[in-house]
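According to our numbering, the sequence shown is numbered sequentially starting from 319. The structure under discussion appears below in the form of structure tokens.
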Amino acid sequence: MNVESHLEKIARLESLRERFDPLQDFELWFWAGMTAGTHAVNAALHLAEVTAGTDAYPMQPGVYQVPQSDGTLAARFCALGDVLHVGRPKIEAPVPEDVASMMHLMETVEQYRDPCVREGRAPDQAIIEACDAAVRACLRLLNERMKGMQHAH
319 MNVESHLEKI ARLESLRERF DPLQDFELWF WAGMTAGTHA VNAALHLAEV TAGTDAYPMQ
379 PGVYQVPQSD GTLAARFCAL GDVLHVGRPK IEAPVPEDVA SMMHLMETVE QYRDPCVREG
439 RAPDQAIIEA CDAAVRACLR LLNERMKGMQ HAH
């Protein structure tokens with residue numbers, strides 16, 4: 319995806335996330351935050367020119383759905399564009415410090431995915447606060463990167 323598409327999705331996901339009660343609607347709140355953070359990481363990677371921001375949508379590491387001239391999507395092997403999750407696929411190129419921090423923040427969030435969403439661990443206020451703080455910090459770093467790029471031009 320391109321940076322503008324990532325930003326649009328972040329805005330929609332953040333709006334959705336605000337409507338959920340983090341404890342009562344944990345799974346939906348969690349997925350919206352994790353997905354928004356992953357979009358932020360992808361946008362930052364594109365802005366840093368580490369990955370390509372194209373109109374291809376990741377399915378599996380290295381496999382993307384690519385728009386065709388007839389309006390359909392077709393699975394294709396492509397160079398690294400969007401990551402599905404931090405570390406999937408692994409990025410071999412050097413990553414700027416702020417983007418590496420964003421990736422670490424998303425690892426903080428993702429550590430709760432399996433226990434709380436898939437394995438039945440009940441989330442508590444500490445988990446909610448840790449996830450919320452990490453997503454907010456990730457989005458703040460993306461905003462700082464974009465502001466820095468505006469001032470550079």
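Where is the CB? At the ideal position from N, CA and C, for every residue including glycine.
Status (buried if at least 16 other CB within 10 Å, exposed otherwise) for residue i
i	result
E428	buried
H422	exposed
T356	buried
G399	buried
M424	buried
L365	buried
P407	exposed
M467	exposed
M319	buried
Backbone secondary structure at residue i - three-state DSSP
i	result
R463	helix
L398	coil
E346	For the record, residue 346 in the displayed sequence is Leu; it is not Glu. Reduced to three states, the DSSP call for L346 is helix.
M319	coil
A452	helix
Q468	helix
V381	strand
A366	coil
Supposed contact pair residue j and residue i - C-beta distance, whole angstroms, cut 8 Å
i	j	result
A362	L460	5 Å
A358	R335	Actually they are not in contact, since the Cβ atoms of A358 and R335 sit about 13 Å apart, beyond 8 Å.
D416	E462	7 Å
A374	V384	5 Å
Distance cut-off 8 Å: residue i Cβ against heavy atoms of the ligand ATP
i	result
V413	In terms of ligand content, the structure shown is empty, and the ligand ATP therefore cannot be addressed.
Residue nearest to residue i in terms of C-alpha spacing, selected from the options
i	options	result
E367	C449, P414, F338, H403	P414
A444	R337, K327, F344, H324	F344
W347	C434, C456, K465	C434
L325	P376, P412, P340, T353	T353
S419	E410, V453, G466	V453
F395	Q386, G389, S323, Y382	Y382
key: Unbroken stretches of the alpha helix (DSSP H), 4 residues or longer, contained in the stretch 409-445   = 415-428
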